[in-house]
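Peer 1: Residues in the sequence shown are numbered from 266 upward in steps of one, following the working numbering.
Just so you know, even glycine gets a beta-carbon here, dropped at the ideal spot from N, CA and C.
Pasting in a structure now, in structure tokens, and then I'll have a few things to ask.
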Amino acid sequence: MRKKIVAGNWKMNLSLAEGKTLIEDVVSRLPLLAEHQQVIFCPPFIHLGNMASILDDGADQRVSLGAQNCHPHPSGAYTGEISIPMLKEVGVNYVIVGHSERRQYFNESNEFLKLKVDALIASDVQVIFCCGESLDIREANTQNEFVAKQLQESLFHLTPDQLKNNVIIAYEPIWAIGTGVTASTEQAQEMHAYIRNLLSSQYSNDVAQSISILYGGSCNPTNAVELFSCEDVDGGLIGGAALKAETFLPIIFAMD
Ligand code: PGA
């Protein structure tokens, strides 16, 4: 059975105190997660160490810590950057790569993201690889080609085992991120099935069936059940609704 995952991307939000309260609140009200279910908190870098010590107290493998970014080099003169060994040292097991905000505001190219993917896999850290099209591309109906290129240029050089063991894909249409406009279940399922077919033709059906594909973009307690019930949607990467226990918990409960 594929892993079902709900990951909360806090972006540049929440103070240290707010973050602690949120994690404590969510963890204390979590149901007993099944073997195939995973909850991931992705706070800003500066909170990671503190949040790790809260999660350590619970010591539940099904609740993990993720970072929102990393630098591909292990150390060196990269002012303001954070390396993968540093992230591992504080207990990070997952890293979001290629979020549309990183692509858009920090000019991260498919080629640069490939370097991050390789460095994370070499360090045995799980990659949450984001892909997704802008509204212009959706309106021109070229979203499939666009997403295929993102995957081809950053992921498809990996071996089947690397992909299977270390990569989660998150489809996040840019027009749905933070806008309150969610992709319809049909649009989400259609793209997720397209991505799974790509994986199948590029690799094998076995690889395609084992990779979790998350949906992201205005996912909330009202639409999560319907979105997560789609055959090829294996959970969500949640932004705004991950900032409050009242909205994050029902999304976690929507995981089957
Ligand atoms: P949103 O963000 O849930 O606030 O739309 C999702 C994301 O950017 O990961």
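Where does the unbroken beta strand (DSSP E) through Ala332 begin, and where does it stop?
Peer 2: Taken as a continuous stretch (DSSP letters only), the beta strand (DSSP E) holding Ala332 covers 328-332.
Peer 1: Quick check: the segment 438-445 against the segment 473-483, are at least 3 beta-carbon pairs closer than 8 Å?
Peer 2: Judged by Cβ distances under 8 Å, the segment 473-483 makes contact with the segment 438-445, as three or more pairs qualify.
Peer 1: Is Lys276 near the ligand PGA - that is, is its Cβ less than 8 Å away from at least one heavy atom of it?
Peer 2: The answer is yes for Lys276.
Peer 1: Across the segment 314-332 and the segment 375-387, are there enough close Cβ pairs to call them in contact, namely three or more that are closer than 8 Å?
Peer 2: These segments do not touch.
Peer 1: Is any non-hydrogen atom of the ligand SAM found closer than 8 Å to the C-beta of Glu410, if you look at the structure I gave you?
Peer 2: Among the ligands present in this structure, namely the ligand PGA, the ligand SAM is not found.
Peer 1: In this structure, does DSSP put Phe306 in helix, strand or coil?
Peer 2: Note: Phe306 maps to strand in three-state DSSP.
Peer 1: Quick one: grab the DSSP three-state call for Phe394.
Peer 2: The answer is strand: DSSP assigns Phe394 an E or B state.
Peer 1: Would the segment 333-351 count as touching the segment 286-301 if we require 3 or more Cβ pairs under 8 Å?
Peer 2: Output reads no: the segment 286-301 does not touch the segment 333-351.
Peer 1: Whose CA, out of Leu428, Ile319, Leu420, lies closest to the CA of Val472?
Peer 2: Nearest of Leu428, Ile319, Leu420 to Val472, Cα basis: Leu428.
Peer 1: What three-state label does DSSP hand Leu514 in the structure shown?
Peer 2: It is helical.
Peer 1: I need the boundaries of the alpha helix (DSSP H) containing Val357, first residue and last residue.
Peer 2: Premise fails: Val357 is in no alpha helix (DSSP H) and is neither H nor E.
Peer 1: Which whole runs of the beta strand (DSSP E) in the segment 442-518 are 3 residues long or more, in chain order?
Peer 2: You should have 478-480, 500-503.
Peer 1: So Asp401 and His457 are in contact, right, with Cβ under 8 Å, and what is the actual spacing, rounded?
Peer 2: No, Asp401 and His457 are not in contact; Cβ-Cβ is about 21 Å, not under 8 Å.
Peer 1: Along the chain, where does the alpha helix (DSSP H) containing Lys220 start, and where does it finish?
Peer 2: Outside the displayed span of the chain (266 to 521) sits residue 220, for which this structure offers no information.
Peer 1: Does the segment 486-506 come close enough to the segment 272-285 that 3 or more CB-CB pairs lie under 8 Å?
Peer 2: Contact between the segment 272-285 and the segment 486-506 is present, because at least three Cβ pairs lie under 8 Å.
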